[in-house]
Structure formats: structure tokens, C-alpha cells
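Asker:
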Amino acid sequence: MRILIIADVHGNWEALRAVVNEPHDHLIFLGDAVDFGPEPRLCVDYLRSHATWGVRGNHDHGIAFDTGCRCYGAWKAWDDATRVHTLRTLSSEDRQYLRSLPMTHRLTVGQVSFALVHAAPTDPLYRYLPADAPDDVVADELRVAGADVLLVGHTHIPMIRRIGERLVVNPGSVGMPRDGGSGACFAVWEDGRVELRRASYDVEATVRRLQDQQLPQDVYDGIAALLQAP
4 MRILIIADVH GNWEALRAVV NEPHDHLIFL GDAVDFGPEP RLCVDYLRSH
54 ATWGVRGNHD HGIAFDTGCR CYGAWKAWDD ATRVHTLRTL SSEDRQYLRS
104 LPMTHRLTVG QVSFALVHAA PTDPLYRYLP ADAPDDVVAD ELRVAGADVL
154 LVGHTHIPMI RRIGERLVVN PGSVGMPRDG GSGACFAVWE DGRVELRRAS
204 YDVEATVRRL QDQQLPQDVY DGIAALLQAP
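Remember, my numbering sits 3 above the position in the sequence shown when you count from 1.
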């Protein structure tokens with residue numbers, strides 16, 4: 004069984020479309036379909052139809068329940084500016100789908116148990132679990148997760164961490180990677196092994212559609228620069 008693991012799509016349809024071209028039997032979505040990118044509705048509609056399992060991210064939660072995403076700095080400005088487009092674009096059915104996503108989910112594939120959460124088991128929507136987190140912090144999150152494999156997103160940076168016999172996997176961000184690399188990040192689980200991958204996509208098409216939103220210049224420049232990172 005081949006499982007595609009994705010997170011942090013953020014309205015980037017071109018990136019999502021490239022990633023899901025990867026052959027797979029099931030799709031796991033770890034939250035944040037919306038905000039920042041120009042095509043949130045296409046992304047939400049695809050995930051609603053094709054994600055086998057999914058959880059709610061902080062941006063999904065914000066759109067679904069009319070609350071803040073708890074972003075800071077430039078990311079807060081980007082969220083405020085692009086949320087107008089997100090709210091205008093999504094249908095009531097789209098928002099209901101985001102509301103329906105659980106904050107955590109558990110499943111078993113073969114003999115392996117998985118815990119799914121956007122941020123961290125101790126704080127499903129907002130806590131960051133970075134790649135360089137101390138072992139005791141990661142071990143505590145694994146203890147709360149109570150699974151062989153903990154799948155998280157939120158940081159936009161891919162990682163695989165092993166603590167004893169357990170794994171923490173972050174596939175990175177499909178739509179807004181923050182690790183300085185190009186392409187859309189994702190992970191593949193197959194036959195008890197996980198691999199981090201990247202997919203090339205038409206970044207300039209996303210940037211052109213972003214320009215159509217008539218965002219404040221500093222917001223457009225910031226998001227475009229992140230998308231166009233070499």
C-alpha cells in the first residue's frame with residue numbers, strides 16, 4: 004500500500020496538482036488547505052473528494068470558525084490580506100468541510116499505528132514541533148500521540164525524527180515550503196518505510212494568479228518571493 008502524506012497546501016493548486024500525480028492508493032492530509040495561495044476552493048474541493056484521512060489546521064480552523072490563525076509578523080499580514088479572497092471564494096459546503104475535519108485522527112495500516120495532527124498532540128492547532136526540538140520534547144509528544152508514527156505539519160519544513168522505535172514525520176509544505184528549497188514537499192509511506200519527496204510545478208502560474216488578487220504590494224512581494232525560492 005502506497006500512502007501519500009501532505010500538509011500545508013495553502014491554496015496552491017498548481018503545487019497540489021503536481022504532488023497528487025504521484026501514484027498512490029491513499030491520501031493523508033495534515034491540515035491547512037487555505038490562505039496565502041490564490042486557489043483555495045480548488046484545493047478544498049480536491050481534498051474533500053480525494054483525501055482518505057485528514058485533520059484540521061489552524062488556517063482551516065480560522066476560516067471555518069471566523070477566528071484568527073495566530074500568525075505573527077509578515078505571516079499575519081499575509082493571512083489578513085489573503086483571507087478576504089479565501090472567504091469570498093469558498094462555498095458554504097467548503098467551509099462545512101473544514102469544520103468537519105477532526106483535530107486529531109488515529110489509524111492503523113498493517114501492523115503500524117499512526118496519529119495524525121496538524122501541529123502537535125499537546126496542542127493540535129498551534130504548537131510548533133521543529134526538526135531540532137529536544138529529544139525529550141519529541142518523546143513527550145510521541146507519548147501523548149500513543150502511536151508508532153506521529154504525522155504532523157505546521158512548520159512547513161520536512162523532517163523525519165526517530166525516538167527509540169517511534170517516528171515523527173513532517174512532510175513539509177505542498178504550497179509554501181519554508182526550508183529554502185524549490186518545489187512542493189510531500190512524503191510517501193510504502194511497505195513500512197517513509198521517504199520525503201519534492202515535486203516540481205509551475206510556480207509562475209501560481210504567482211500570476213496571486214497577482215490577480217490585487218494584494219498590497221508588500222504582501223504580494225513576500226509571498227511571491229517565498230514561492231520563487233531557488
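Beta carbons: idealized from backbone N, C-alpha and C, even for Gly.
Owing to the predicted nature of the structure, the values given are computational and were not obtained by experimental measurement.
Please tell me whether Leu128 and Met106 are closer than 8 Å, where the distance is taken between their beta carbons.
Answerer: Yes, these two residues count as a Cβ contact at 8 Å.
Asker: For Gly167 versus Val115, is the C-beta distance shorter than 8 Å?
Answerer: Going by C-beta atoms, Gly167 is not nearer than 8 Å to Val115.
Asker: Please return the same chain residues whose Cβ sits closer than 7 Å to the Cβ of Trp81, not counting the five positions on each side in sequence.
Answerer: These residues qualify, in order along the chain: Phe39, Val222, Gly225, Ile226.
Asker: Count the C-beta pairs between the segment 151-159 and the segment 5-21 that are closer than 8 Å, then say yes if the count reaches three, no if not.
Answerer: The segment 151-159 vs the segment 5-21: in contact.
Asker: Residues in the same chain with beta-carbon distance under 8 Å from Val240, minus the five sequence neighbours each way, listed in chain order, please.
Answerer: Only positions 4 to 233 of the chain appear in the structure, and residue 240 is not among them; the question remains open.
Asker: List the DSSP bridge partners of Trp192.
Answerer: Beta-bridge pairing links Trp192 to Ile6, Val197.
Asker: Any idea what DSSP makes of Asp126, helix, strand or coil?
Answerer: Correct three-state label for Asp126: strand.
Asker: Mind reading off the beta-carbon distance from Ile8 to Val172? Whole number of angstroms is fine, and I expect it under 8 Å.
Answerer: Contact holds; Cβ gap of about 7 Å.
Asker: What separation, rounded to the nearest whole angstrom, lies between the Cα atoms of Gly183 and Ala232?
Answerer: Straight-line Cα distance between these residues: approximately 6 Å.
Asker: Go to Val112, then tell me how far its beta strand (DSSP E) extends in each direction, as first and last residue.
Answerer: Counting along the chain, the beta strand (DSSP E) containing Val112 begins and ends at 107-112.
Asker: Drop a sphere of 10 angstroms on the beta-carbon of Pro137, count the other beta-carbons inside from all chains shown, and report buried for 16 or more, exposed for fewer.
Answerer: Classification of Pro137: exposed, given that the 10 Å Cβ count is below 16.
Asker: Using the Cβ count rule (16 or more neighbours within 10 Å means buried), how would you classify Pro124?
Answerer: Buried, since its Cβ has 16 or more Cβ neighbours within 10 Å.
Asker: Taking the alpha carbon of Arg201 as the point to measure from, which residue in Ile6, Arg5, Ala21, Met4 has its own alpha carbon closest?
Answerer: Ranking the options by Cα distance to Arg201, first place goes to Ala21.
Asker: Closest by CA to Gln214, which one among Val23, Leu30, Pro41?
Answerer: Measuring from the Cα of Gln214, the nearest candidate turns out to be Pro41.
Asker: Among His27, Ser185, Ala190, Pro43, which one has its Cα closest to the Cα of Val206?
Answerer: Among His27, Ser185, Ala190, Pro43, the Cα nearest to that of Val206 belongs to Ser185.
Asker: Return the Cβ separation of Asp48 and Asp97 in integer angstroms, given the expectation that the two are a contact with Cβ distance under 8 Å.
Answerer: Rounded, the Cβ-Cβ distance is 7 Å, consistent with contact.
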